[in-house]
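To keep things clear, I will list the structure first and then write my remarks on it.
Right, dumping it as structure tokens:
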């Protein structure tokens, strides 16, 4: 066990006011060897939790900042994890929460989070190639995964550490964290059937994404088993601008007044559907039911009769951070994988 000594606050203040603090400064103040200090700051598994906290408290108190150029020269690593995100996504809800939870989980590790934007009109591999070829990060995290995702294939071929929010066709071989959207589609239909609904539409995400296909599969299978009228809206997706979704749904309700249930693939889609229901002169929870999922509790504040399934994106961020770090440090070990499977009991009433 490492032996630590009490630190005089005046000694800390003096160290903080002097020249730029180094590992040797922390070593002198802590009474621990420089290699121990370095390994503690890099979250080495053979260093105890208390020792790590002790070392980090000194580093924070004196304003120690690692020399990233030196770290990279010494280890070949950047201590950076890049979150690659599309600029065309639901920042109000899901994505903002994901960024926050990832950053919080990495807070007491040597890794820093950067966000790398991906623009819908450019090659999906462009930001991935840039990071891999420039070695500007130690690992990648990405979402909106496609079944045959070229990013996943590229990263696996280049043995570059990564973790995905969502599953690809190669998910058995790579780290991922996912929400079971097949179950969401299935359970949503079950809830609506329990409420006596018989003509249900699904406003799904873009079908090039794996989670959208899973949602459609779950809803379709359950509707077929229940013997109800069910269809997936083809002309728009739940990722469209809210005004466009609302206008389309108003027109749909007028053409199909028999529709008495909508399953929505996003929070924004659910809000747009609720606005469309009311623009058509109907009431959510009375003539028509809406089912939506969310990571931030807003839907029931908007209309309390919306049927809501919460999605815990905080735990997703935590698990993705651990999966990415494991991929960096233990590339030959079994990748960390987790599937969050909801139940009927998880729906808010």
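Numbering (the working numbering), first residue to last: 468 to 816.
All C-beta atoms, glycine included, are put in the ideal place defined by N, C-alpha and C.
Owing to the predicted nature of the structure, the values given are computational and were not obtained by experimental measurement.
Look at the alpha carbon of residue 590 and the alpha carbon of residue 582, and state the distance between them as a whole number of angstroms. Roughly 17 Å separates the two Cα atoms.
Please classify residue 558: is it buried, with 16 or more other beta-carbons within 10 angstroms of its beta-carbon, or exposed? Its pLDDT being 46, under 50, residue 558 is placed unreliably in this model, and the value from its coordinates should be taken loosely. Looking at its Cβ environment, which holds fewer than 16 other Cβ atoms inside 10 Å, residue 558 is exposed.
Which value, in whole angstroms, describes the spacing of the CA atoms of residue 614 and residue 645? C-alpha separation (whole angstroms): 13 Å.
Limits of the beta strand (DSSP E) - the one that residue 643 falls within: Under the DSSP assignment, residue 643 falls in the beta strand (DSSP E) whose first and last residues are 643–646.
For residue 761, the nearest candidate out of 734, 634, 716 and 781 (CA to CA): When 734, 634, 716 and 781 are compared, the shortest CA-CA separation from residue 761 is found for 734.
Using DSSP's beta-bridge definition, name the partner residues of residue 814. Answer is none; residue 814 lacks a bridge partner.
Residue 681 in three-state terms, based on DSSP: Three-state result, residue 681: helix.
Where residue 686 and residue 655 are concerned, what is the direct C-alpha to C-alpha distance, given to the nearest angstrom? Here the alpha carbon of residue 686 sits roughly 7 Å from the alpha carbon of residue 655.
Is residue 579 helix, strand or coil when you go by DSSP? In this structure, residue 579 counts as strand in the three-state DSSP scheme.
Contacting residues, own chain, Cβ-Cβ under 8 Å from residue 786 (five flanking each side not counted): Excluding positions up to five away in sequence, the list reads 644, 803 and 805.
When the Cβ atoms of the region 647–661 are set against those of the region 749–761, are three or more pairs found closer than 8 Å? Short answer: they touch.
Assigned exposure category for residue 776 - 16 Cβ within 10 Å defines buried: Using a 10 angstroms sphere on the CB of residue 776, the tally of other CB atoms reaches 16 or more, which defines it as buried.
With 16 other CB atoms within 10 Å as the buried threshold, where does residue 750 fall? By the neighbour-count criterion, in which a residue is buried when 16 or more other Cβ atoms sit within 10 angstroms of its Cβ, residue 750 is exposed.
Hey, residue 565 and residue 548: beta-carbon distance below 9 Å or not? Against a cut-off of 9 Å, the Cβ pair of residue 548 and residue 565 comes out as no contact.
Which same chain residues end up closer than 6 Å to residue 725 when comparing Cβ atoms and leaving out the 5 residues on each side of it in sequence? Counting only residues of its own chain and dropping the five nearest sequence neighbours on each side, residue 725 has a CB closer than 6 Å to the CB of 666.
In the DSSP output, what is residue 548 paired with across the bridge? Bridge pairing for residue 548: 580 and 606 [DSSP].
Tell me whether residue 777 sits in a helix, a strand or coil according to DSSP, three-state version. Here residue 777 sits in strand by DSSP.
What do you get for residue 634, buried or exposed, if any count of 16 or more other CB atoms within 10 angstroms of its CB means buried? With 16 or more neighbouring CB atoms inside 10 Å of its own CB, residue 634 falls in the buried class.
Are there three or more Cβ pairs, one per stretch, closer than 8 Å when the region 486–499 is compared with the region 519–529? Under the Cβ criterion (8 Å, minimum of three pairs), the region 486–499 counts as touching the region 519–529.
Using only alpha-carbon positions, find the residue among 731, 690 and 723 that is nearest to residue 669. Cα-wise, what sits closest to residue 669 is 731.
Just curious, the beta strand (DSSP E) that residue 818 is in, first and last residue? With the chain represented from 468 up to 816, any question about residue 818 goes unanswered, as that position is not in the structure.
Classify residue 727 as helix, strand or coil using the three-state DSSP reduction. Coil at residue 727, not helix or strand.
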